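Structure record follows, encoded as structure tokens.
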Amino acid sequence: MTFDPTAITTLQTELTRHWHEVEPAAGGEDFLKLVQENHLRNFQLWHEEDVARRDDLGSERVHQAKRAIDRYNQERNNFIEEMDKLMVAELKPAESGVPKNSETPGMIIDRLSILALKEFHMAEETVREDASAEHRENCGAKLARILHQRSDLTQCLGELLQEVTEGRRTFGVYYQFKMYNDPALNPQLYGGAKS
């Protein structure tokens, strides 16, 4: 199994465009299925965050958005961990004796996913007819920066994977242990609100 950073970012870009035209759904197989599932959660998070910031929808809709955000964020982190577990199994990184990367490949892929969403939405702002020319120009400059950052991060992922393959760097699976969704770990859920 190969892990091609350019193929991953291309897939994220294509899915972002496609999901703005049809009901989003993840497909793929094996590792790319995990990449798509992670990207789908970021896509859903992005749009629920937009809903949660609206003042005209009422408190119940904002409450529903907050619950969806929590769920999507938990699932997003779960898929980061699954990507990393699969890469550890496939790449067999060194257990010791080489520098350890603090950011895992799955975390980098997640950041690339978010940058794909930023790229799409910032590009929309550059052609918004109801916005000023200054707004469109500012967004064009931001879009250029996003594209540069995404290119840099894609290169960083490629270099990390190469160094792991060559035994010069390692990484592990970092579990997030999100506590806010777990009734056994969140005092507000297991003990109720205490005055």
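Residue 489 in this note's numbering sits at position 64 of the sequence shown, and the numbers go up by one each step. Backbone N, C-alpha and C define an ideal beta-carbon position, used for all residues, glycine too. None of these values were measured; they are calculated from a predicted model.
- With 16 or more other Cβ atoms from the protein chains shown falling within 10 Å of its own Cβ, LEU470 counts as buried.
- Across the set ASN502, GLN489, ASN563, ARG561, the C-alpha of GLN489 shows the shortest separation from the C-alpha of HIS472.
- Taking all protein chains shown into account, GLU554 has fewer than 16 neighbouring C-beta atoms within 10 Å of its C-beta and is therefore exposed.
- Burial of ARG575 is indicated by the presence of at least 16 other C-beta atoms within 10 angstroms of its C-beta.
- Its Cα nearest to that of GLU588, the residue PRO530 stands out among GLU454, LEU610, PRO530.
- For MET508, the uninterrupted alpha helix (DSSP H) run begins and ends at 484 to 516, by DSSP.
- One Cα belongs to GLU485, the other to GLU474, and the distance between them is close to 15 angstroms.
- GLU544: member of the alpha helix (DSSP H) spanning 530 to 550, first to last residue.
- When only Cα atoms are considered, ILE539 and HIS464 end up about 8 angstroms apart.
- Looking at the DSSP output, LYS525 bridges to THR595.
- Shortest Cα-Cα distance from LEU568 to any of GLU500, THR551, ARG496 involves THR551.
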